Amino acid sequence: MCGIVGAIAGRDVVPVLVEGLKRLEYRGYDSSGIAVLNGVEVRRVRRIGRVAEMEAAALEKGVAGQLGIGHTRWATHGGVTEANAHPHISQGVSLVHNGIIENHEEQRERLRGLGYVFESQTDTEVIAHLIHHHLSHGSADVLAALQAAVKELTGAYALAVISAAEPERLVVARMGCPLLVGLGEGENFVASDVSAIIQATRRVIFLEEGDTAELTRDGVQVFGEDNAPVQREQHLSDVSLASLELGPYRHFMQKEIHEQPRALADTIDAVINAGSFDASLFGANAEAVLSGITGIKILACGTSYYAGSTAKYWIESIAGLPCDVEIASEYRYRQAFADPRHLVVTISQSGETLDTMEALKYAKSLGHTHTLSICNVQESAIPRASELVCYTRAGAEIGVASTKAFTTQLAALFQLTVVLGKLHGKVNAEQEVDYLEQLRQLPGSVQHALNLEPQIAAWAERFATKANALFLGRGLHYPIALEGALKLKEITYIHAEAYPAGELKHGPLALVDEAMPVVVIAPNDSLLEKVKSNMQEVRARGGELFVFADQDSNFSASEGVHVIRTPRNVGVLSPIVHTIPVQMLAYHAALARGTDVDKPRNLAKSVTVE
Ligand code: G6P
């Protein structure tokens, strides 16, 4: 979704802003813009479409300066137009904003009454006028005006502001949306996401809720909610530049699919090295918390929700604890029953999905005290609001359609399951060794599955011409069928649905005819015979089956039944291995259809709005 970058330096900041915005493109956006202060004049360039178009326009106009802000916008209030793109300007005050201002209508009326003229339909423009109003009514400088203005806003914001009259400072504010400050030598930066400034510095300060800050070339001062100066810890970001570049791959999604053996190996590294599943993986206090809980509630959105849905099967069967999984946007708005002895687990790749964050806050308000976050982004909002944390080590995920984040979430959830199983007396030493061995083999099995790419690409050619597809799975592999259908619809725009194979006869069978490809995830497990009967039901109606079986499954291809075999069955970790083929199927079908694989239409990577 929307992205922010800003810089104050002794050099021209336009290349920094443009590069930062390009690195934020993956989040999803529909327009972009920059405002740069050169001496006393603010120059603004905005364009709908790609950052490259805005960059070309900035070059053509010769925009340059040592202080500036930039933004990628994902339309919420007001359509995709240049007038609605950020930065917004109110008589010398320029600003970019992420988030949503809830009382913007009321503020707009008030500001209109004060003589302000609005040029856009955005909630953001209200803030620009409000800051200007404070500047011209007693605020000593743009920082004081910003601090006064935010007190009158309700909603969520990350803001970066410059004023034509104050070329020596860049001021920022944060509430409900991520914002961090990057510390350079004689230059400082601000961004909504560390990837936007990683080319300039790794030293970062994560602003906290209610913080404002002033950046000059030589220093940064952060202020808390009461406007008193505060010290915030410096961090060294571990996001690498290489993880943000495409390298030899055509798309980030392809790169990220192929990075999975490495991402999984990194995520399980601590357990493998220790030779045991230790509660300390989840934090210093984890053993006491995890031993005392009596159940698990998982909250997440999108692909992360499917990771949670898979974990439910593991947690109930291996750790013997009740587990329920809920879509965060549903949970946060219902009168939920809260058992404080249950651990609330949020799963979020980005750590900033608004619905998941709000669901976590809601769970706490209902009396939950024990919370654990599984997240891929260090120090992001959701882990910071959680008691226990487990970071997946997938590295930056750029493709909107989640791949390596999902499989590493599964690996982390499996580790959580075994830790819980040990603490609750359900996993003995022998079983632990066995799970450890299965985990050790996981990256290799995933690599095996990746080797199936040529066969899957050939299948994908056939999918590319279809309008619909059905995915079936049972048990542990039902969530993988859901994930396969989601991947296909996200990046190919083919309508795809997933069902537990046993549900077929209760409705979806009516859809099956010669035109309907049916993908079946059919590992060699205790449910295989049941799945085979479900496949017969499809064949009998003329449906074409595309089956992902295991090397050791006992059935073969026949008329209308195509089979690809993943490596031999890997037991409880099989859902992770079986995810790889469905990711590759979606990727290659998208290639064949010529869609924008990494930036599918209408979707965003980090959904920071409702
Ligand atoms: C968006 C992304 C998905 C992701 C979901 C949840 O819809 O496009 O890939 O699964 O958000 O995001 P999170 O960062 O919370 O895992």
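In the numbering used here, the protein residues as written are 305 to 914. Even for Gly, the Cβ is constructed at its ideal location relative to N, Cα and C. None of the values given here were measured: they were computed from a predicted structure.
Subject >> Buried versus exposed, by CB contacts within 10 Å (16 or more), Lys909 >> reply: Start at 1 with the first residue of the sequence shown, and residue 909 comes out as number 605. It is buried - the Cβ of Lys909 has at least 16 other Cβ atoms within 10 Å.
Original post:
Roughly how many angstroms separate the alpha carbons of Leu457 and Gly343, rounded to a whole number?
Top reply: Translated into positions along the sequence shown, residue 457 becomes position 153. Translated into positions along the sequence shown, residue 343 becomes position 39. As the crow flies, the alpha-carbon of Leu457 is around 31 Å from that of Gly343.
Subject >> Start-to-end residues for the alpha helix (DSSP H) that takes in Pro644 >> reply: Against the sequence shown, residue 644 aligns to sequence position 340. Careful: Pro644 lies outside any alpha helix (DSSP H) and carries neither H nor E.
**OP:** Confirm, please, whether the CB-CB distance from Val822 to Leu774 is below 8 Å.
**Re:** Position 470 of the sequence shown, counting from 1, holds the residue named residue 774. Position 518 of the sequence shown, counting from 1, holds the residue named residue 822. Yes.
**OP:** Keeping to the same chain, check which residues put their C-beta closer than 6 Å to that of Asp659; ignore five residues upstream and five downstream.
**Re:** On the sequence shown, position 355 is the one that residue 659 refers to. Short of 6 Å from the beta carbon of Asp659, and not among the five residues preceding or following it, lie these beta carbons of its own chain, in chain order: Cys605, Ala632, Ser633.
**OP:** Could you tell me which residues DSSP pairs with Ser398 in its beta bridges?
**Re:** Your numbering for residue 398 matches position 94 in the sequence shown. In the DSSP output, where bridge partners are listed per residue, Ser398 has Ile393, Ile466.
Original post:
Which partner residues of Asn492 appear in the DSSP bridge assignment?
Top reply: Along the sequence shown, read from residue 1 onward, the residue named residue 492 stands at position 188. Paired residues: Ile312, Leu487.
**OP:** Name the residue from Tyr333, Glu537, Arg348 whose alpha carbon lies nearest to the alpha carbon of Val340.
**Re:** Counting from one through the sequence shown, the residue named residue 340 turns up at place 36. Residue Arg348 holds the alpha-carbon nearest to the alpha-carbon of Val340 among Tyr333, Glu537, Arg348.
**OP:** Please report how far the alpha carbon of Gly579 lies from the alpha carbon of Gln538, in whole angstroms.
**Re:** Your numbering for residue 579 matches position 275 in the sequence shown. Your numbering for residue 538 matches position 234 in the sequence shown. Within the model, the alpha-carbon separation for Gly579 versus Gln538 is close to 33 Å.
**OP:** With DSSP as the reference, label Gly596 as helix, strand or coil.
**Re:** The residue you call residue 596 lines up with position 292 of the sequence shown. Reduced to three states, the DSSP call for Gly596 is helix.
Subject >> the ligand G6P heavy atom lying under 7 Å from the CB of Gly606 >> reply: Stepping through the sequence shown from its first residue, residue 606 is reached at position 302. In this structure, Gly606 has its CB closer than 7 Å to one or more heavy atoms of the ligand G6P.
Original post:
So, is Ala762 buried or exposed, given that buried needs 16 or more other C-beta atoms within 10 angstroms?
Top reply: For the purposes of this step, residue 762 is taken as the residue at position 458 of the sequence shown. The residue in question, Ala762, is exposed, as its Cβ has fewer than 16 Cβ neighbours within 10 Å.
Original post:
From Thr912 to Ala495, what distance separates their C-alpha atoms?
Top reply: The sequence position of residue 912 within the sequence shown is 608, counting from 1. The sequence position of residue 495 within the sequence shown is 191, counting from 1. The alpha-carbon atoms of Thr912 and Ala495 are separated by roughly 15 Å.
**OP:** Return the first residue and the last residue of the alpha helix (DSSP H) that Met888 is part of.
**Re:** Within the sequence shown, residue 888 is the residue found at index 584, counting from 1. First-last of the alpha helix (DSSP H) with Met888: 878-897.
Original post:
For Asp854, is the classification buried or exposed, using 16 other Cβ atoms within 10 angstroms of its Cβ as the cut-off for buried?
Top reply: As a first step, residue 854 must be located in the sequence shown, where it is residue number 550. Classification of Asp854: buried, given that the 10 Å Cβ count is 16 or more.
**OP:** Would you tell me roughly how many angstroms separate the C-alpha atoms of Arg416 and Asn388, rounded to the nearest one?
**Re:** Taking the sequence shown and counting its residues from 1, one reaches residue 416 at position 112. Taking the sequence shown and counting its residues from 1, one reaches residue 388 at position 84. For the pair Arg416 and Asn388, the Cα-to-Cα distance works out to about 18 Å.
Original post:
Any heavy atom of the ligand G6P closer than 7 Å to the Cβ of Val911?
Top reply: Here residue 911 corresponds to residue number 607 of the sequence shown, with the count starting at 1. The answer is yes for Val911.
**OP:** Measure the CB-CB distance between Gly372 and Leu439 and report whether it falls below 8 Å.
**Re:** For the purposes of this step, residue 372 is taken as the residue at position 68 of the sequence shown. For the purposes of this step, residue 439 is taken as the residue at position 135 of the sequence shown. With respect to Leu439, Gly372 sits apart: the two C-beta atoms are not nearer than 8 Å.
Subject >> Ordered list of beta strand (DSSP E) runs contained in the segment 784-841, each at least 3 residues >> reply: Listed in chain order, the complete beta strand (DSSP E) runs (minimum 3 residues) inside the segment 784-841 are 799-804, 821-826.
Subject >> Glu848 burial status per 10 Å Cβ neighbour count (16 or more: buried) >> reply: Here residue 848 refers to the residue found at position 544 of the sequence shown. Counting Cβ neighbours within 10 Å, Glu848 comes out buried, since at least 16 surround it.
Original post:
Alpha carbon to alpha carbon, how far is Gly269 from Pro533?
Top reply: Any answer about residue 269 is impossible in this case: the structure gives the chain only from 305 up to 914.
Original post:
Could you give the residue range of the beta strand (DSSP E) that holds Val929?
Top reply: The question about residue 929 has no answer here: the residues shown for the chain are numbered 305 through 914.
**OP:** Identify every residue that forms a DSSP beta bridge with Val911.
**Re:** Stepping through the sequence shown from its first residue, residue 911 is reached at position 607. Under DSSP, Val911 shares a beta bridge with no residue.
**OP:** Below 8 Å CB to CB, which residues in the same chain sit around Arg766 once its five sequence neighbours on both sides are set aside?
**Re:** Taking the sequence shown and counting its residues from 1, the one referred to as residue 766 is at position 462. Hits under 8 Å: Pro821.
Original post:
Is it buried or exposed for Leu550, if we count other Cβ within 10 angstroms and need 16 for buried?
Top reply: Here residue 550 corresponds to residue number 246 of the sequence shown, with the count starting at 1. It is exposed - the Cβ of Leu550 has fewer than 16 other Cβ atoms within 10 Å.
Original post:
According to the Cβ coordinates, are Val851 and Val867 closer than 8 Å?
Top reply: Taking the sequence shown and counting its residues from 1, the one referred to as residue 851 is at position 547. Taking the sequence shown and counting its residues from 1, the one referred to as residue 867 is at position 563. A contact, by the Cβ cut-off of 8 Å.
**OP:** In angstroms with no decimal places, state the Cα-to-Cα distance between Val842 and Glu630.
**Re:** For this step, residue 842 is matched to residue 538 along the sequence shown. For this step, residue 630 is matched to residue 326 along the sequence shown. Rounded to whole angstroms, Val842 to Glu630 spans 30 Å at the Cα level.
**OP:** Report whether the distance from the Cβ of Thr711 to the nearest heavy atom of the ligand G6P is below 7 Å.
**Re:** As a first step, residue 711 is located in the sequence shown; it is residue number 407 there, counting from the start. Because no heavy atom of the ligand G6P lies under 7 Å away, the Cβ of Thr711 does not count as near it: no.
**OP:** Would you kindly report the start and end of the unbroken alpha helix (DSSP H) that includes Glu634?
**Re:** As a first step, residue 634 must be located in the sequence shown, where it is residue number 330. Glu634 -> alpha helix (DSSP H) spans 632-635.
Original post:
Relative to the alpha-carbon of Phe859, which residue among Met839, Leu786, Val454 has its alpha-carbon at the smallest distance?
Top reply: As a first step, residue 859 is located in the sequence shown; it is residue number 555 there, counting from the start. Comparing Cα-Cα distances from Phe859 to each of Met839, Leu786, Val454, the minimum goes to Met839.
Original post:
So Ser684 packs on Leu664, CB below 8 Å; how close in whole Å?
Top reply: Position 380 of the sequence shown, counted from the start, is the residue given in the question as residue 684. Position 360 of the sequence shown, counted from the start, is the residue given in the question as residue 664. No, Ser684 and Leu664 are not in contact; Cβ-Cβ is about 12 Å, not under 8 Å.
Original post:
Taking C-alpha atoms, which residue in Lys559, Gln451, Gly624, Val346 lies nearest to Val723?
Top reply: Taking the sequence shown and counting its residues from 1, the one referred to as residue 723 is at position 419. Of the listed residues, the one whose Cα sits closest to Val723 is Gly624.
**OP:** With a 10 Å radius around its C-beta and 16 neighbouring C-beta atoms as the bar for buried, classify Gly374 as buried or exposed.
**Re:** As a first step, residue 374 must be located in the sequence shown, where it is residue number 70. Around the CB of Gly374, 16 or more other CB atoms lie within 10 Å, so the residue is classed as buried.
Original post:
For Arg536, which residues from the same chain have a beta carbon less than 6 Å from its beta carbon, with the 5 sequence-adjacent residues on both sides left out?
Top reply: As a position in the sequence shown, residue 536 is number 232, starting the count at 1. Excluding sequence neighbours, Arg536 sits near Ile509, Val526.
Subject >> Integer Cβ distance of Tyr330 from Ile702, believed to fall under 8 Å >> reply: Within the sequence shown, residue 330 is the residue found at index 26, counting from 1. Within the sequence shown, residue 702 is the residue found at index 398, counting from 1. About 4 Å; that satisfies the 8 Å criterion.
Subject >> Reduced DSSP category for Gln525 - H, G, I as helix; E, B as strand; rest coil >> reply: Here residue 525 corresponds to residue number 221 of the sequence shown, with the count starting at 1. When secondary structure is reduced to three states using DSSP, Gln525 falls in the strand class.
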